[in-house]
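Residue numbers (my numbering): 98 to 163. The block underneath contains the structure these notes are about, expressed in C-alpha cells.
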Amino acid sequence: MAKVSIGLDAELVVEVMVLAGIGSPQDAVEAVVRDYIARGHRTEARTELKDRTLREADATPQEPQG
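Take a look at the structure:
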C-alpha cells in the first residue's frame with residue numbers, strides 16, 4: 098500500500114492518542130481514519146437498505162382510490 102506523509106498539529110495528534118489510548122502518533126491517526134471510513138460504509142449500508150425499501154414500496158401498484 099502506498100504511504101502518504103502529512104503534517105498535523107501536534108496538539109490534535111496528542112488528543113487523538115489520548116482518546117484512542119494508542120501510544121504511536123501514526124497508529125492513532127490511522128485508527129481514526131479507519132474508523133471514519135468504517136462509519137461511512139455502515140451509514141451507506143443503512144441508507145441503501147432504507148432507500149431500496151422505499152423504492153420497492155413506491156413501485157408496488159396501488160389500488161384505485163375513489
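For glycine and all other residues, C-beta sits at the position ideal for the given N, C-alpha and C.
Can you tell me whether Pro-122 is helix, strand or coil according to DSSP? Position 25 of the sequence shown, counted from the start, is the residue given in the question as residue 122. Pro-122: helix per DSSP, three-state reduction.
Quick check on Ala-99: does DSSP put it in helix, strand or coil? To locate residue 99, count along the sequence shown from 1; it is residue 2. In the structure shown, the three-state DSSP call for Ala-99 is coil.
Where do the N-terminal and C-terminal ends of the alpha helix (DSSP H) with Leu-116 fall, by residue? Within the sequence shown, residue 116 is the residue found at index 19, counting from 1. Counting along the chain, the unbroken alpha helix (DSSP H) around Leu-116 starts and ends at 107–117.
Going by beta-carbon coordinates alone, are Ala-125 and Ala-117 separated by less than 9 Å? Your numbering for residue 125 matches position 28 in the sequence shown. Your numbering for residue 117 matches position 20 in the sequence shown. Yes, Cβ-Cβ distance for Ala-125 and Ala-117 is below 9 Å.
Which residues in the same chain have their Cβ closer than 8 Å to the Cβ of Val-129, if we skip the five residues on either side of it in sequence? Translated into positions along the sequence shown, residue 129 becomes position 32. So the list reads Val-113, Ala-117, once near-sequence residues are dropped.
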